[in-house]
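Everything below concerns the one structure shown next.
Number of protein chains: 6
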Amino acid sequence: MTADKTAKDIRNMRIRGALDIAIAAARAMRKELDGKSTAAVISNLKKSGKTLKAARPTAVSLPNAVDYVLYLAEKNKKLDAGEFTRTTSKDIQKFIDDQERALERIAEIGANLIDSNDTILTHCNSDTVVALFERARKEGKKFKVICTETRPRFQGHLTARALAKAKIPTTLVVDSAARLMMKEFKVDKVIVGGDTVLANGDLINKIGTSQIAVAARDLDIDFIAAVESIKFSPRSIEGEMAKIEYRDTKEVIKPGKIRGIKVLNPAFDITPAEMIDMLITEEGIIPPQGAYHLLREKFGWELSSF
Amino acid sequence: MTADKTAKDIRNMRIRGALDIAIAAARAMRKELDGKSTAAVISNLKKSGKTLKAARPTAVSLPNAVDYVLYLAEKNKKLDAGEFTRTTSKDIQKFIDDQERALERIAEIGANLIDSNDTILTHCNSDTVVALFERARKEGKKFKVICTETRPRFQGHLTARALAKAKIPTTLVVDSAARLMMKEFKVDKVIVGGDTVLANGDLINKIGTSQIAVAARDLDIDFIAAVESIKFSPRSIEGEMAKIEYRDTKEVIKPGKIRGIKVLNPAFDITPAEMIDMLITEEGIIPPQGAYHLLREKFGWELSSF
Amino acid sequence: MTADKTAKDIRNMRIRGALDIAIAAARAMRKELDGKSTAAVISNLKKSGKTLKAARPTAVSLPNAVDYVLYLAEKNKKLDAGEFTRTTSKDIQKFIDDQERALERIAEIGANLIDSNDTILTHCNSDTVVALFERARKEGKKFKVICTETRPRFQGHLTARALAKAKIPTTLVVDSAARLMMKEFKVDKVIVGGDTVLANGDLINKIGTSQIAVAARDLDIDFIAAVESIKFSPRSIEGEMAKIEYRDTKEVIKPGKIRGIKVLNPAFDITPAEMIDMLITEEGIIPPQGAYHLLREKFGWELSSF
Amino acid sequence: MTADKTAKDIRNMRIRGALDIAIAAARAMRKELDGKSTAAVISNLKKSGKTLKAARPTAVSLPNAVDYVLYLAEKNKKLDAGEFTRTTSKDIQKFIDDQERALERIAEIGANLIDSNDTILTHCNSDTVVALFERARKEGKKFKVICTETRPRFQGHLTARALAKAKIPTTLVVDSAARLMMKEFKVDKVIVGGDTVLANGDLINKIGTSQIAVAARDLDIDFIAAVESIKFSPRSIEGEMAKIEYRDTKEVIKPGKIRGIKVLNPAFDITPAEMIDMLITEEGIIPPQGAYHLLREKFGWELSSF
Amino acid sequence: MTADKTAKDIRNMRIRGALDIAIAAARAMRKELDGKSTAAVISNLKKSGKTLKAARPTAVSLPNAVDYVLYLAEKNKKLDAGEFTRTTSKDIQKFIDDQERALERIAEIGANLIDSNDTILTHCNSDTVVALFERARKEGKKFKVICTETRPRFQGHLTARALAKAKIPTTLVVDSAARLMMKEFKVDKVIVGGDTVLANGDLINKIGTSQIAVAARDLDIDFIAAVESIKFSPRSIEGEMAKIEYRDTKEVIKPGKIRGIKVLNPAFDITPAEMIDMLITEEGIIPPQGAYHLLREKFGWELSSF
Amino acid sequence: MTADKTAKDIRNMRIRGALDIAIAAARAMRKELDGKSTAAVISNLKKSGKTLKAARPTAVSLPNAVDYVLYLAEKNKKLDAGEFTRTTSKDIQKFIDDQERALERIAEIGANLIDSNDTILTHCNSDTVVALFERARKEGKKFKVICTETRPRFQGHLTARALAKAKIPTTLVVDSAARLMMKEFKVDKVIVGGDTVLANGDLINKIGTSQIAVAARDLDIDFIAAVESIKFSPRSIEGEMAKIEYRDTKEVIKPGKIRGIKVLNPAFDITPAEMIDMLITEEGIIPPQGAYHLLREKFGWELSSF
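Going down the list, the protein sequences come from chains A, B, C, D, E and F. Each residue of the first sequence is one higher than the one before, starting from 1 at the first, in my numbering. Each residue of the second sequence is one higher than the one before, starting from 307 at the first, in my numbering. Each residue of the third sequence is one higher than the one before, starting from 613 at the first, in my numbering. Each residue of the fourth sequence is one higher than the one before, starting from 919 at the first, in my numbering. Each residue of the fifth sequence is one higher than the one before, starting from 1225 at the first, in my numbering. Each residue of the sixth sequence is one higher than the one before, starting from 1531 at the first, in my numbering.
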């Protein structure tokens, strides 16, 4: 069945990336819009939703998408089966379209923030941030980007490669050089992506992000995160804050290379809201403290179960 | 001749490390204590000093050692040739002995700062800091050390190996994880070594140090540097502040791996005095702002040429 | 009459605590839902509201409850007398139910914020905070609480007693020891209650709270306040900020014990929004700057008179 | 035609001030409510709007007013021509009335923030802030105001004159003395006006404002800006941040007085949201981070074109 | 024997206070200046010194005084027994005289820092600070003092009583009110005494001091400590930092009053150097970072054993 | 008599500038080296010193110079009259020579701090700072200077003119624009002169300096003051801190131009040590906290009267 297949693909990381996961989940559920009665369809949707959510418990966009579809179903539940299916299908499609436009919309807004002659530092590899840089470049803005290599998996190389392809002057440095670069090359802005935004505006992102943010704040350099609203965590309103994921240590050092030591490989860290100057979302630029507002506006439905 | 040979060894990095360079230079000059008259010996020493200084212009301990020997010679210049040589030789030997004891003395003082149950973070690989940890361990203190891998050359691996050998519980992480480690594992102190201390208390050390310092200050974790006084820069009193050295970029990424980008490999950064809680020197614990005082006390001779 | 009786009980402190006052006021007004015409009932309600509000001018939950009931009446004013009474009565009951669930809801959300092994500091005695700790304990979390004695009335003893009863490891210290405790015992979070939240996110709470908050910020320890939304002050949107209440000085020192001095006994202080990491309300976790948003959402009615 | 005439007056600065411009634009558009069909009237309004907007591209209240009128028209577009004109005219009038009441409303709220014995510092000349002071004075509050002269055009003289007329004790100082005044005379609050508020809460105001704000934050003095919501910039939600306007340098120094130098005369600077304690708007007191919320509530229509 | 008797008195707290302890120890040792040979006297002194030091291991002025006397003996050791005794006795007397003048000298210097109309906050009870206030009062300065009660032992009552006697307007508040007092009454300075000053400028003083210091820094109020140089810790140069002493918990709460809780009663806390604006010593006003300098100048002798 | 004449010239501001005043005073006293006995000459010198000191009580370099000469006399007092005069005369001349070289020496050291491509902001008009810029320019460094006009007396115009003459690219702005310039033009350093340095490192300088310093700290821009050691205040060691001088208000606004207001014209403000990155003195670069050390080294004599 579709939901099962999609869940499997998500579990196996064949479907990756917050937006792609959200879209795939919504699509899978739209295909489950089938049943003798409205009640039966809704029950079906709930089962699929459960399956999907279990596929990757840490990806905030997955339950967000599932819960939103269930909310749409709930809204339409007084319609008869045929009408229910048609309306809900259309509603889901709109949600999917919104997600598909989000990245482009953020790129558009974010590009407005870039001035010619800017020097911008980024960390890790975010499709959204790369799209934003490409858009600014296409608009004719001349700016430079410094990217960190992003140990342990060197995702900064992906960023550097993409920017070089887009003819954006790009400098690669080790992660430790971020603060020196900010000082020596008078970095104007730091722009990063994000994995999750919490209700109080804290940002979960690739390990090292908070270290760069604290240095940026000390030097009064704007620290900006570009994050689709599907990555905002409604659960954090209820106090379910982020747990840091630790990944396989062999990404850091060949096992056994040094005997008698412990190795830790945390995947993310938390950048406190007060270090973030603004969030770029497809709903526009918001202060990190506006996260609660956005969550309420967009996922109010989800929270009605409070 | 000795000075030439030593200069060559310093240039070729066969003699490395601030203390070893200072001692080698002083020894080389002591061997040049030869000549018909005191004036001739002094002239000889000056020539040797010039040769030695030129061998590695960026190592602050080298001119410090040379200038100190010249100061000793100046002090004794009214003695006749025989007496001059004997006295100056003894004076130089005392200087050498002092340097040799400095590391041990810092280890002794620094070990006093470590409490059982401490979790300490260090960056890069400093012999002085490793000695300090070993000493504390020998004194029976039970503490843990977190070391960063220290890209691009992974010197943190050296630290981890040394500590493992000393039976000190050691955890290795990527450089980007320093701030998260401080939060999650409630780091008590950061202890690093140093390459140079400036007159206003700023610290030049391995790239990444200032980034860790700014994070430590934000979290109110003591940031401590263990630095022999031979690394304090008298020239900085005259405004000759540090220039950052950029090393070969192939340490960062294989040349040509990503086309169309620039790579930068800065070796050091500058940690401002206000981020440093104390300096451990062989003269005891001083606030970074005490650097001027120490320079005046120890290298007043050098500054008499002001 | 009921409103008079309730007002008297509030005045005499027989009814105390923000929530209890709000509920009592709403109940009293519901009992006044009587009259020949809708207009007469409303007029009656207004009179009762005035009486109630006068009973304790400084308790923000009292005017909040009264104004909300009047708003409900206003909303229903086009109904005929019978229908008006039935509908308004039901509406008031819902408001009362919401208040009754608020404490429990905050405990539920707040307990999510507590991790096993946490050390948490609290100040004074807040039923909401105690409930939150009890809930976390019941969920099996193992954490420690440090409570200040809270001079002059030692309300911290009440907290300590309640926590001891709930089998939560509890340490009692003098108020002055808060910062040292945070350092020495590596406090993870400070959680306090609150008397009033202003439109700009400032928190009015027991004297000493702001002193603890400034120390927590310096040490980068999360400072969290658990406050029911009935304590948010709509009047502060109009610029009516808090005045500090000074209580009887004999709580501080026996009168005449020291001659020739003045004694001051302020009951509250103001913790600025920027020192508060989050507010736990029954509507979820919000950044303090979200207070304006919450006020608008919940008490928009009250503000329509703007 | 009316819109042309108004546009000209705005261009020639005969109509000045954010509120006056907004009101004039709305009035001009109301007069254009003419045409055979609803579609024709709307088309007419759009043309007028374009003309008006072009008159002063940097004044945020102008496009805000025009876009709001167009939104009202859009809302009514299903009505027939006669009904459309009547309804839209009434709607526009309400908008005008709201603007006219805004200043008075802010004065009322702001006066609540002033306590007797306050010493308040202000910068430049804001009608809103002067009205606020006058109102507080009329309410019998006794406070002092320190005003900066506000180079280069000495608008502080206007403020001083107005306050002297209102019998408010007023002290005039050079701009450079602001911080010393805050220390020596223990200033309680800084209250300034504003030209534009951005989506992230940053404030654009007369050059020197941010310098005073940073000093106020350092001394923990409340920094408050009184700004009508018509000055909030919806475009900033899309990333169109402020560009600083540079004015004629002869305001600074007689041309040619010093040869061989460059003179710059920036009109505004940007005060970051984190330095602002609250904004006083006609909608009440909001934290600067509430700007996004206010923009969404008030100008949501404008943003629907996103 | 004298040293034994004095040691006993120190142990039993019959001799208390840093200065009194130092003077008593020096006097006791002066009385031991007896023996057949210089070597015998010195040996005698060393034994006495050991006895004295053991009497109260945590009082920094005690080893300081003993070590200073031993240093004087060492300096004179080449003299014959008679000459040795005479000279050393005179030297010791000078040290005693210096200590006796120190308090008065600090009062004189500190009084210069007080301006008429100042409002000054103090914590706990320091003879030095009281003397300083009395001196300023005698010089005709009109200022107010706010003193905290200083739980658990209410030593603030002693301060309040002394100040009232000196006709200095004095206000007593609970410890928790310190920050509010600073804000509401616009405190100009905080002046406290000190138990120990460390080489890096950190101050050990009565529990609560650091909490007041962090609040003072936040409000940019000068934080000043008046400390005799005999309280500076030479051992801290070698890394022997302060350990916090925990006192009997019955000072905090009657044992058994609340069952099942733990009580902690820390006597001191540590105020970091960066929160201290200046130290008043009998050698004049120094920045806290000057502590190392002072230690070197005054106790250089002690450190020669390094 | 010479001292009288010099005192008059100082009083009438014919002799101005800290260095010129110090030199003139020393010269005047050297000419008074006359008398029958050493005692008579010293008595004479003391009288002259008193006369000179009274000429301008607020200029710190004046008592510094007088007291230093008296100290030299004291040192030589055991010599007979002839020898006393010769020796003291030579000593005074050396002091004069040192002062004369100080400015040049600071220019030399300060020029080392300037890098090509630097943008430097300065405030007011300091001969020392101008000399420093000229020196750097002569050394071939290419840098830009932004100078504030420095209300009320526009001394910034003098700076701009001097720099233009020295072919240094110079931009003039109003004082209020300092922070914006730092942001927009990425200022690298702020370099100002100074009137007085206090024992705790605080700097007294032209009104507006502290406002620029607080902005520079916020933006992490180095704030540097170039100050001859003759301007360091030994009296501040004894607690005689700076009083702010208020000048004629007609410098600010034509008297009577605005009726009913008060005008204040403070000449100086105080920049706290923690906002200053370094002081450039003729003794080299020192951290501001090194001021006490410098005072002790250079003016130890003066303090012996303690």
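Glycine residues also receive a C-beta, built at the ideal position from the N, C-alpha and C atoms.
Selected residue, minimal CA-CA separation from residue i, among the options
i                       : options                           : result
residue 762 of chain C  : C:698, C:911, C:819 and C:883     : C:819
residue 1045 of chain D : D:1055, D:1025 and D:1034         : D:1025
residue 1415 of chain E : E:1469, E:1476 and E:1334         : E:1334
residue 491 of chain B  : B:544, B:330 and B:452            : B:452
residue 1135 of chain D : D:1123, D:1203, D:1105 and D:1158 : D:1105
residue 1395 of chain E : E:1389, E:1404, E:1403 and E:1384 : E:1384
residue 1728 of chain F : F:1541, F:1616, F:1826 and F:1678 : F:1826
residue 181 of chain A  : B:395, B:511 and B:550            : B:550
residue 1604 of chain F : F:1823, F:1813, F:1622 and F:1634 : F:1622
DSSP state of residue i mapped onto helix, strand, coil
i                       : result
residue 1663 of chain F : helix
residue 545 of chain B  : coil
residue 880 of chain C  : strand
residue 729 of chain C  : coil
residue 1533 of chain F : helix
residue 214 of chain A  : helix
Counted within 10 angstroms of its Cβ, other Cβ atoms place residue i as buried (16 or more) or exposed
i                       : result
residue 423 of chain B  : exposed
residue 625 of chain C  : exposed
residue 1326 of chain E : buried
residue 914 of chain C  : Because residue 914 of chain C carries a pLDDT of 47, less than 50, the predicted location of this residue cannot be relied on, and the following value inherits that uncertainty. With 16 or more other Cβ atoms within 10 Å, it is buried.
residue 482 of chain B  : buried
residue 1230 of chain E : buried
residue 1187 of chain D : buried
residue 1812 of chain F : buried
Cβ distance (whole Å) where residue i is taken to contact residue j below 8 Å
i                      : j                      : result
residue 334 of chain B : residue 364 of chain B : That pair is no contact at about 19 Å.
If you measure beta-carbon to beta-carbon, which residues of the stretch 1400-1427 of chain E are closer than 7 Å to chain D?
For the stretch 1400-1427 of chain E, the set of residues with a beta-carbon nearer than 7 Å to any beta-carbon of chain D comprises 1410, in chain order.
Of all the residues that make up the stretch 1149-1161 of chain D, which are near chain A by a beta-carbon distance shorter than 7 Å?
Under the 7 Å Cβ criterion, the stretch 1149-1161 of chain D contributes 1154, 1155, 1156, 1157, 1158 and 1159.
Looking at chain A, which residues of the stretch 553-571 of chain B have a Cβ within less than 9 Å of any of its Cβ atoms?
555, 557, 558, 559, 563, 564, 565, 566, 567, 568, 569, 570 and 571
For the stretch 1741-1760 of chain F, list every residue whose C-beta sits within 8 Å of some C-beta in chain E, in sequence order.
none
Anything in the stretch 149-162 of chain A with a Cβ closer than 9 Å to a Cβ of chain B? List those residues in chain order, please.
149, 150, 151, 152, 154, 157, 160 and 161
Report the residues of the stretch 721-749 of chain C with a CB closer than 7 Å to any CB of chain A, ordered along the chain.
721, 722, 724 and 725
Going along the stretch 1297-1322 of chain E in order, which residues come within less than 8 Å of chain C, judged by CB to CB distance?
none
In the stretch 588-608 of chain B, which residues sit with their C-beta less than 7 Å from some C-beta in chain F, listed in chain order?
Result list: 595, 598 and 599.
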